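Asks: In this note's numbering, the protein residues as written are 91 to 598.
Where is the CB? At the ideal position from N, CA and C, for every residue including glycine.
Computed from a predicted model, the values in this text were never measured in an experiment.
I'd like to ask some things about the structure below.
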Amino acid sequence: MSDVHALIEVRSPSTGEPIGSVPIATAEDVSEAVASARIAQVEWAARPLAERCRILRQVKDRVIARTDDICALLSQEQGKPRVEGLTTEILGLVDLIQYFTAEAERILAPEPIPLHLMKHRASYLHWVPRGVVGIIGPWNFPFNLNNGPAVAALIAGNAVVIKPSEFTPLIQELSREIFIEGGLPADLYQVVHGYGETGGALIANVDMIEFTGSVRTGKKVAAACGERLIPCVTELGGKAPFLVLEDADLDRTANALAWGGFANCGQVCASVERVLVHRSVLPGLLDRLVPLVKALEPKDTTQDKLAQIGPLNNARQRDIVSSLVDDAVSKGARAVVGGSIIEGPGNFYAPTLLVDVTTDMRIMSEETFGPVLPLMTMEDEESMIAEANRSHLGLLAYVFTKNTRHGRAVAERIEAGTVMINDVLSTHGMPETPWGGVKQSGVGHTHSDASLRGFCEQRHINYDLLPTLKTEPYWYPYGPRLFGMMKRLMGTVYGSSIAQRIRSLRGG
Ligand code: NDP
91 MSDVHALIEV RSPSTGEPIG SVPIATAEDV SEAVASARIA QVEWAARPLA
141 ERCRILRQVK DRVIARTDDI CALLSQEQGK PRVEGLTTEI LGLVDLIQYF
191 TAEAERILAP EPIPLHLMKH RASYLHWVPR GVVGIIGPWN FPFNLNNGPA
241 VAALIAGNAV VIKPSEFTPL IQELSREIFI EGGLPADLYQ VVHGYGETGG
291 ALIANVDMIE FTGSVRTGKK VAAACGERLI PCVTELGGKA PFLVLEDADL
341 DRTANALAWG GFANCGQVCA SVERVLVHRS VLPGLLDRLV PLVKALEPKD
391 TTQDKLAQIG PLNNARQRDI VSSLVDDAVS KGARAVVGGS IIEGPGNFYA
441 PTLLVDVTTD MRIMSEETFG PVLPLMTMED EESMIAEANR SHLGLLAYVF
491 TKNTRHGRAV AERIEAGTVM INDVLSTHGM PETPWGGVKQ SGVGHTHSDA
541 SLRGFCEQRH INYDLLPTLK TEPYWYPYGP RLFGMMKRLM GTVYGSSIAQ
591 RIRSLRGG
């Protein structure tokens, strides 16, 4: 990188004070980073898988050793409570490394395909790393969401070049330091900073893109990848509905709503964004939920190590939240808790509970991504399911009921990548399960065995089992009897009735 670069200045979400800066990479810087990653990748891919896994396990141990540093920087730069840095960012990554390094030999082993007809031949799949994977990520979980795909891509034998959000670049620098401390060759894990242009330059150079971010940007990224015909996984927005059925356990439901709606100040793609409550349980639920929301007092998370909730990461996001709440209130919703910006330094917004919400309010269709729970009263289960599915997004959904069997039947009718029964958010911490949306929440998955394979080209080998013949009956030259013979064979093998098969065999 040359010496003269424009800088991104990073500001504390709690105070607005500058906390650091990073240089913006030019298009030339990005192509240099990818070129050196490409050289390092060749040597890395040639190493045995067990050796790559061993190094990633060392990285895991360095992550564990640097927990306090990571949590402190996440509080300072992203704004989240110290505990959440550990539970929702670091632990998830540590577990993901543990799972994939333990299972990679099985997941990436060549896979035979039993041939149903051509028994004299055999087929198998094998997995070849794609090369250099570009990772473009958001600011809400900047440690976990960029490093999770990076780990999987690296285990599969790729190099990674990461473009973090301009709001959270510092944690990416610390991540790189930790991966290198763990023994990863430096050129395999590169970081380029900048805005959309830098992301565009990355797409122009790499062999695959893993994108996590908004629907709007996701479409642009997918289109740019389409131009180059490179694979692209998109993890986009969510508008998770939370169905409170008539028989829900209201204590658990209230606790789950508080955490599922306000963890990370609501800036979670899987956050509870629409609460659909059966009318019969609304009073009991509010009795339990209102005190829980009132108890959440936003704090500067760098000062208060026991803060339960912090600021929003940036003023742009706070203004989106504010505008959606104002729109709902102007159309008749009531804020029984919160409902406004907290004046003063930082991007604080009061944790908010809205009731009397209706479908014409923007907050029931646009992603809020903030500390707001809008409650809509519903008369019956059928209208809850219909309302849950009335969204262009479909990432996560939640069903609360004491009857798991019935809950599963409801869950299967909901249009979402994942539906959890009586729990919220936590499948992101289960790396063996697929994470990804339907509708406009994205295409493809992170996590799951399929995602590790997705960082590879799937290649197919087909070979002969019997002694090789000089020729095959259906090759050249086409003799006079070939057509009749193949026709008879087709009818004999594929005919649905015995009579038809016998007819074909006789040449009928
Ligand atoms: P954005 O879409 O604004 O940005 C995501 C990344 O893309 C950033 O690094 C951004 O850079 C970059 N970018 C912007 N324009 C372009 C472009 N033209 N080409 C390439 N890259 C570009 O998302 P946010 O950072 O605001 O993240 C919040 C969103 O992420 C929410 O919608 C949330 O639901 C979603 N999300 C989805 C998850 C999932 O797993 N499905 C998980 C977490 C979040 P810059 O910031 O510099 O503009």
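Put LYS384 into one of helix, strand or coil per three-state DSSP.
Replies: Residue 384 sits at position 294 when you count from the first residue of the sequence shown. Of the three classes helix, strand and coil, the one that applies to LYS384 here is helix, per DSSP.
Asks: Going by Cα to Cα distance, which pick from VAL184, LEU207 and TRP217 is closest to ARG196?
Replies: What you label residue 196 is simply residue 106 of the sequence shown in a count that begins at 1. Closest by alpha carbon: TRP217.
Asks: Using C-beta distances below 8 Å, list every residue in its chain close to ALA344, excluding the 5 sequence neighbours before and after it, in chain order.
Replies: Numbered from 1 along the sequence shown, position 254 holds the residue referred to as residue 344. Within the same chain, ALA344 has close Cβ partners LEU375, ARG378, LEU379 and LEU382.
Asks: Does the region 450-460 come close enough to the region 343-362 to have 3 or more Cβ pairs within less than 8 Å?
Replies: Touching, yes.
Asks: Can at least three beta-carbon pairs, one atom from the region 399-410 and one from the region 363-371, be found at a separation below 8 Å?
Replies: Too few Cβ pairs lie closer than 8 Å, so no.
Asks: Quick one, which of GLY434, ASP450 and ALA487 has its alpha-carbon nearest VAL415's?
Replies: Position 325 of the sequence shown, counted from the start, is the residue given in the question as residue 415. Of GLY434, ASP450 and ALA487, the residue nearest in Cα terms is ASP450.
Asks: Is the Cβ-Cβ distance between ALA418 and VAL447 less than 8 Å?
Replies: The count along the sequence shown starts at 1 and reaches residue 418 at position 328. The count along the sequence shown starts at 1 and reaches residue 447 at position 357. Yes, they are a contact pair.
Asks: Rounding to the nearest angstrom, what Cα-Cα distance links PRO172 and SER413 in this structure?
Replies: In the sequence shown, the residue the question calls residue 172 occupies position 82. In the sequence shown, the residue the question calls residue 413 occupies position 323. Per the sequence presented here, residue 172 reads as Arg, with Pro not at that position. Roughly 29 Å separates the two Cα atoms.
Asks: Whole angstroms is fine: what's the gap from TYR584's alpha carbon to ARG591's?
Replies: For the purposes of this step, residue 584 is taken as the residue at position 494 of the sequence shown. For the purposes of this step, residue 591 is taken as the residue at position 501 of the sequence shown. Their backbone Cα atoms lie some 8 Å apart in a straight line.
Asks: For VAL514, which of helix, strand or coil comes out of DSSP?
Replies: The residue labelled residue 514 in the question sits at position 424 within the sequence shown. Residue state, collapsed to three classes: coil.
Asks: Taking GLU263 as the reference, give the member of SER420, GLY286, ASN237 and THR288 with the closest Cα.
Replies: Walking along the sequence shown from the start, residue 263 turns up at place 173. Ranking SER420, GLY286, ASN237 and THR288 by Cα distance to GLU263 puts ASN237 first.
Asks: Can you give the Cα-Cα distance for THR324 and ARG495, rounded to whole angstroms?
Replies: One-based indexing of the sequence shown puts residue 324 at position 234. One-based indexing of the sequence shown puts residue 495 at position 405. Cα-Cα distance, rounded: 32 Å.
Asks: What are the start and end residues of each continuous alpha helix (DSSP H) run of 4 or more residues lying completely inside the region 301-333, in chain order?
Replies: List check, alpha helix (DSSP H) in window: 305-318.
Asks: I'd like to confirm something about PRO401: is its beta-carbon nearer than 7 Å to some heavy atom of the ligand NDP, or not?
Replies: Looking up residue 401 in the sequence shown gives position 311. It does not: the Cβ of PRO401 is nowhere closer than 7 Å to a heavy atom of the ligand NDP.
Asks: State the Cα-Cα distance for the pair MET576 and ARG593, rounded to the nearest angstrom.
Replies: For this step, residue 576 is matched to residue 486 along the sequence shown. For this step, residue 593 is matched to residue 503 along the sequence shown. Cα to Cα, the separation comes out at about 14 Å.
Asks: Whose CA, out of VAL250, ARG480 and GLU256, lies closest to the CA of ILE293?
Replies: Sequence index remark: in the sequence shown, residue 293 carries index 203 (1-based). Nearest C-alpha to ILE293: VAL250.
Asks: Is it true that the region 176-191 meets the region 223-241, where meeting means three or more beta-carbon pairs spaced less than 8 Å apart?
Replies: Yes, the region 176-191 touches the region 223-241.
Asks: Nearest by alpha-carbon distance to SER531: which of GLU271, GLY328 and PRO113 is it?
Replies: Translated into positions along the sequence shown, residue 531 becomes position 441. Checked all of GLU271, GLY328 and PRO113; the closest Cα to SER531 is GLY328.
Asks: Flag this pair as yes or no: are the beta carbons of PHE233 and LEU183 separated by less than 8 Å?
Replies: Within the sequence shown, residue 233 is the residue found at index 143, counting from 1. Within the sequence shown, residue 183 is the residue found at index 93, counting from 1. Yes, they are a contact pair.
Asks: Nearest-angstrom Cα distance between MET510 and CYS315?
Replies: As a first step, residue 510 is located in the sequence shown; it is residue number 420 there, counting from the start. As a first step, residue 315 is located in the sequence shown; it is residue number 225 there, counting from the start. Approximately 32 Å between the Cα atoms of the pair.
Asks: Here's a check: name, in chain order, each residue in its chain whose Cβ is nearer than 7 Å to the Cβ of ASP337, leaving out the five neighbours to either side.
Replies: Within the sequence shown, numbered from 1, the residue matching residue 337 stands at position 247. For ASP337, where only same-chain residues beyond five positions count, the Cβ hits under 7 Å are THR491, LYS492 and ASN493.
Asks: What are the residues that DSSP puts in a beta bridge with CYS546?
Replies: Here residue 546 is taken as the residue at index 456 of the sequence shown, counted from 1. Answer is PRO219.
Asks: Quick check: does the Cβ of CYS359 come within less than 7 Å of any heavy atom belonging to the ligand NDP?
Replies: Locating residue 359 in the sequence shown gives position 269, where the first residue counts as 1. Indeed, a heavy atom of the ligand NDP lies less than 7 Å from the Cβ.
Asks: When every heavy atom of the ligand NDP is checked, does at least one fall within less than 7 Å of the C-beta of ASN295?
Replies: Locating residue 295 in the sequence shown gives position 205, where the first residue counts as 1. No, the Cβ of ASN295 stays beyond 7 Å of every heavy atom of the ligand NDP.
Asks: At a cut-off of 7 Å, is SER605 close to the ligand NDP when judged by its beta-carbon and the heavy atoms of the ligand?
Replies: Absent from the model: residue 605. The displayed extent of the chain is 91 to 598, so no value can be given.
Asks: Excluding sequence positions up to five away, which residues of its chain have a Cβ less than 7 Å from the Cβ of LYS395?
Replies: Position 305 of the sequence shown, counted from the first residue, corresponds to residue 395. The answer, listed in chain order, is ARG172.
Asks: Let me know if TRP565 comes out buried or exposed under the rule of 16 or more other beta-carbons within 10 Å of its beta-carbon.
Replies: Within the sequence shown, the letter at position 475 stands for residue 565. Exposed is the call here.
Asks: Any idea which residues DSSP pairs LYS611 with across the strands?
Replies: What the structure shows of the chain is the stretch from 91 to 598, and residue 611 is not part of that stretch, so it cannot be assessed.
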